[in-house]
Amino acid sequence: MRYERIQKAVFIERPNRFIAYAKLSGKRETVHVKNTGRCAELLRPGAVIYVQESDNPDRKTKWDLIAVEKPVKEGKRLINMDSQIPNKVVQEWIEQGRFISDVTLIKPETTYGNSRFDLYVEAGERKIFIEVKGVTLEEDGVCRFPDAPSERAVKHLEELIQAKKEGYEAYVFFVIQMKDVRYFTPNTDTHPEFAETLKKAQAAGVELLAYDCEVTPESIAAGEPVEVVLKSPRLKECAPLLVEWFANNKRDLPWRRRMDAYRVWISEIMLQQTRVEAVKPYYDRFLKELPDVKALAKVPEDRLLKLWEGLGYYNRARNLKEAACQIMEEHGGVFPETYEDIRSLKGIGSYTAGAISSFAYGIPKPAVDGNVLRVVTRITADADDIAKAGTKTKIEAAVEEVIPKDHAGDFNQSLIELGALVCVPNGEPKCAECPVSCLCLAHAQGRETEYPVKKKAKGRRIEKRTILIFRDNDKTAIRKRPDTGLLAGMYEFPGREGHLKQAEVIEYAKEAGLMPVRVKRLGSAKHIFSHVEWHMIGYEVVVDELERQMKKSGGEEGEADVIFAELKELEEKYPMPSAFEAYMPGGTAV
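Residue numbers for the sequence shown follow the numbering used here, so the first one is 14 and each next one is one higher.
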């Protein structure tokens, strides 16, 4: 859009919303302000402005205010202030074919319900309402709307939501009436209701667009898309600082040395509920024997579980194998390269899918684990319970919105790394080392340790168990656990519920077909699962010669036949969970 009869002037003052005084060619002139917003940060005494001479000789006010120069760090930014021009800018943008093709109708000011939307567009069967908002409020490259409360703007959003429900397409188009801005966000300071309604509109399917503009004193035209940040501008400001910090402070971890999807996948599954240092030797051993999807799909389950032995949560290993088979069958053995396909694999949730997608492929999807929940809730002082699924979903959306498109993996890893090294749990966080402490609300309030908020989980159930080590000079009795339930498919020492006395152990051994030569009480041990604790005592039962078949009489329901394993087989062949580590040869209870 072009203007004619433009003159340069100097702003003097604005006595009311509709007029201003300016110095033009040495004379004080009255200027009509075509923007009823406050614009106080723009219209400062001495500011350079551009005014348009009216083509109506009979009009009392001869001049219209069109644009203003705003001083910025780099020099000056020219901002168009004409509130009547954004609709024309968007219409021109549509007419240029930059919206959709085959447009057959563009109708300004169209009534729907109790509102008049700025534009109505038809293209084939598509019927589209567009509400246009001009944006002139800018600070440090961040543009916001509105600069004053606007109940009318809220009403328009509510009507767009209704139109969407009735089958129309609906858009809000924010025309940023300047160039070289960083992002757009609703102005929660002046009108929080508009910001909340805008979020509701987006959730209801209303599309949000923001474009900057090429602005000269004589023209304005839609330029390039501008990011829209609805959920957390504070988190948006953290992003570049975190990416830079990560580049300089990231740990040297084995899975970071070769960042392909398979290796990221294996490492992330291993790291669930397990410390980084504990995972390192398992990761190296696993990759050496199972270097790719094909090898993982083929490995026998017992061997897989042996490789996993000590990591716990053994269903993770089974899910790995099942997902590998899925990749072989559905993707020809090639690891999928889209978030949706990765998310569809067995055992992969939103965190792991986001990690693989962003680390390996640079896809801007969030990877929100416990570290990230802690970091984000502290930065934003979010008091919602992180144990609730809705809180994680909300934080995932906030993180996804601000992921730098060129640094998706580094940004996600920076949040995780910050939580692991600096913004730590169970003690004072290291705020002096934090690259975003200046933006952290919890730190500003001195309440870092109050976040995240997590409702106390129910206490774990206590189970007493007696572990029985039946052995002769060469072999030890073990058996395979059932295929479902706790430690499914793993191997264990025979045991009984409750804490047995020595006489009860001898009786049980005889019922199993063994003749004890010596019974020795072993030490106590405890193992913690997610929802249950085993409080164990043990007995070593030495017999003359282990029978080839132990009777099942007196055994617990679902017990398998006993296997007589040599020490080397216990170490190399049969996967024994860490729950029994204390009773293995050399264990703390032996």
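Don't be surprised by glycine CBs; every beta carbon is placed ideally from N, CA and C.
- The segment 41 to 127 is shown to contain whole alpha helix (DSSP H) runs of 4 or more residues at 99 to 108, in chain order.
- For K514, the closest alpha carbon among the candidates P84, E553 and K443 is that of E553.
- Residue environment: A337 is assigned as buried (16 or more neighbouring CB atoms within 10 Å of its CB, all protein chains considered).
- In the DSSP secondary-structure assignment, L132 is bridged to P121 and I143.
- Nearest neighbour of N261 by Cα position, chosen from T123, L358, P28 and P448, turns out to be P448.
- Judged by their CB atoms, V239 and F197 are nearer to each other than the 8 Å cut-off.
- Taking the CA atoms as reference points, T406 sits about 15 Å from R356.
- Q20: member of the beta strand (DSSP E) spanning I19 to E26, first to last residue.
- Judged by DSSP secondary structure, A176 falls within the alpha helix (DSSP H) whose first and last residues are E164 to K178.
- The Cβ-Cβ distance between A455 and E461 falls below 8 Å.
- For L513, no beta strand (DSSP E) segment is defined, and its DSSP state is neither H nor E.
- V23 is positioned such that its CB atom lies no closer than 8 Å to that of K40.
- Bounds of the alpha helix (DSSP H) holding T406 are A402 to V415.
- A residue is called buried once 16 or more other Cβ atoms fall within 10 Å of its Cβ, and T201, having fewer, is exposed.
- DSSP places V239 in no beta strand (DSSP E); its state is neither H nor E.
- In the pairwise beta carbon analysis, the segment 464 to 481 is classified as touching the segment 504 to 513: at least three pairs are separated by under 8 Å.
- Residue pairing by DSSP places D398 opposite V466 in a beta bridge.
- E151 sits close to M191, with the two beta carbons spaced by under 8 Å.
- Judged by DSSP in its simplified three-state form, D225 adopts strand.
- If you look at F299, you'll find it in the alpha helix (DSSP H) that goes V289 to E302.
- K378 is the residue among K378, D382 and I399 whose C-alpha sits nearest the C-alpha of H420.
- A straight-line Cα-Cα distance of about 18 Å links G126 and E135.
- The segment 263 to 283 makes no contact with the segment 231 to 238; the number of CB pairs closer than 8 Å stays below 3.
- In the same chain as E257, and ignoring 5 residues on each side of it, the C-beta atoms closer than 8 Å to its own belong to P448, in chain order.
- Taken through DSSP and simplified to helix, strand or coil, M283 comes out as helix.
- Nearest neighbour of A214 by Cα position, chosen from L248, H169 and P253, turns out to be H169.
- Taking R30 as reference, the option from D398, Y16, R51 and E17 with the minimal CA-CA separation is R51.
- A direct Cα-Cα distance of roughly 38 Å separates S67 from T210.
- When the beta-carbon positions are compared, L248 and K212 stay at least 8 Å from each other.
- Cα atoms of R531 and P294: separation of roughly 38 Å, rounded to the nearest angstrom.
- Relative to L303, the option among V289, A445 and R316 whose CA is nearest is R316.
- Put simply, of S370, E441 and L452 the residue whose alpha carbon is nearest the alpha carbon of T393 is L452.
- Here H204 is buried. Its C-beta has 16 or more other C-beta atoms within 10 Å.
- Just so you know, the alpha carbons of A516 and L583 end up roughly 28 Å apart.
- As DSSP reads the structure, W547 sits in a beta bridge with E476 and H540.
- Exclusion of the five residues before and after E409 leaves P379 and V381 as the residues of its chain whose Cβ lies within less than 6 Å of its Cβ.
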